Ligand SMILES: Nc1ncnc2c1ncn2[C@@H]1O[C@H](COP(=O)(O)OP(=O)(O)O)[C@@H](O)[C@H]1O
Ligand SMILES: [Mg+2]
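Numbering (the numbering used here), first residue to last: 6 to 322.
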């Protein structure tokens, strides 16, 4: 099924004023890394990324490396040195819920602040947004998506579905060819990120050397450890204005241990879904007490029974 295409404006780091982004007409020519960082306000986004996202150390390091490359490029440009627009197309591989979409959004913002793309928005699509059902429908569809993504990041989820070798006249091939052209010719204003499972992406790259050669950065998103998942749960609850009551965090830890052993575990996404169900149970519990005045504490606390009622503990769903 087709997922809705959504465009997200570049202001991921809402607490950094947009006006603060470097304006080459007023800023003095940058000569130091610090100048570029200050002028672009890119450090604020990188710090946010470090801080908001649990774990992902290798991914965060790769993003710093890419930012460093762009900063140095800018300084080279300011010295009149040859600056070849680096290719920044990427692949983000990992299991569901490992943070690929979330990091892509931050990446779009970083590339924008460093002046690599004009707008810094992210357009997320799947095969169905690019490929038509009938002859002649694919090219206009793909071009329409590319037009929307220009000046930002095009995020193609489960990109390998574009290639269906078992189907001789699959229109996905047409979409791939258009993408390849644009990835080469307009790489100064569009970054394409291909996302999906690692093994399927490897197979896709093997059969599509043209695509493989245009992807400069491969970022692997590992599964989260139990402890990281627990920390992610804390973060999510905090931003939703909830907290664990006495013993509830331990119960949630136990929930995770059991849930990790079950099929279809989807990392941070499963944590989010579990918390949503726990909030439902909390609401039902509070709803029973018709006449009781509910305090702030009542309204914000997830209690142990809200967790233990889950079917992973053997209770009915
Ligand atoms: N490292 C992390 N720290 C905190 N929250 C995370 C982290 N990784 C993912 N999330 C959250 O988990 C959910 C799923 O992440 P998402 O980026 O959609 O994963 P993917 O695209 O890999 O399937 C989102 O709500 C996201 O905010
Ligand atoms: Mg995703």
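Glycine included, every Cβ here is placed at the ideal spot set by N, Cα and C.
The structure displayed is predicted, hence computed values, not measured ones.
Could you tell me if the beta carbon of residue i falls within a distance shorter than 6 Å of some heavy atom in ligand 2?
{"i": "residue 131", "result": "no"}
{"i": "residue 105", "result": "yes"}
Going by DSSP in three states, residue i sits in which element: helix, strand or coil?
{"i": "residue 162", "result": "strand"}
{"i": "residue 9", "result": "Residue placement at residue 9 is poorly supported in this model, since its pLDDT is 43, which falls under 50; the coordinates still yield a value, given next. Of the three classes helix, strand and coil, the one that applies to residue 9 here is coil, per DSSP."}
{"i": "residue 46", "result": "coil"}
{"i": "residue 195", "result": "coil"}
{"i": "residue 322", "result": "For residue 322, the pLDDT reaches just 46, beneath the cut-off of 50, and the residue's location in the model is therefore unreliable, although a value from the coordinates is still provided. Three-state result, residue 322: coil."}
{"i": "residue 21", "result": "Note that residue 21 scores 42 on pLDDT, short of 50, meaning its location in the model is unreliable and no value can be drawn from it."}
{"i": "residue 269", "result": "coil"}
{"i": "residue 310", "result": "helix"}
{"i": "residue 14", "result": "With a pLDDT of 43 at residue 14, under the threshold of 50, the modelled position of that residue is not reliable, and no figure is offered here."}
{"i": "residue 248", "result": "strand"}
What residue from the options has the CA that sits closest to residue i's CA?
{"i": "residue 46", "options": "66, 76 and 104", "result": "76"}
{"i": "residue 114", "options": "195, 305, 316 and 79", "result": "195"}
{"i": "residue 308", "options": "271, 263, 317 and 250", "result": "250"}
{"i": "residue 224", "options": "66, 152, 252 and 91", "result": "66"}
{"i": "residue 122", "options": "314, 311, 92 and 221", "result": "92"}
{"i": "residue 212", "options": "88, 166, 237 and 141", "result": "166"}
{"i": "residue 129", "options": "110, 102 and 58", "result": "110"}
{"i": "residue 59", "options": "229, 140 and 96", "result": "229"}
For the alpha helix (DSSP H) that contains residue i, what are its first and last residues?
{"i": "residue 95", "result": "Note, residue 95: premise wrong, no alpha helix (DSSP H); beta strand (DSSP E) at 95-99."}
{"i": "residue 122", "result": "Neither: residue 122 is in no alpha helix (DSSP H) and is coded neither H nor E."}
{"i": "residue 149", "result": "143-154"}
At a cut-off of 6 Å, is residue i close to ligand 1 when judged by its beta-carbon and the heavy atoms of the ligand?
{"i": "residue 284", "result": "no"}
{"i": "residue 237", "result": "yes"}
{"i": "residue 101", "result": "yes"}
{"i": "residue 59", "result": "yes"}
{"i": "residue 205", "result": "no"}
{"i": "residue 273", "result": "yes"}
{"i": "residue 240", "result": "yes"}
{"i": "residue 264", "result": "no"}
{"i": "residue 277", "result": "yes"}
Could you check where the beta strand (DSSP E) with residue i kicks off and where it finishes?
{"i": "residue 129", "result": "127-130"}
{"i": "residue 225", "result": "222-226"}
**Message:** Which runs of the alpha helix (DSSP H) at least 4 residues long sit entirely within the segment 55-121? Give them in chain order.
**Reply:** List check, alpha helix (DSSP H) in window: 62-83 and 105-118.
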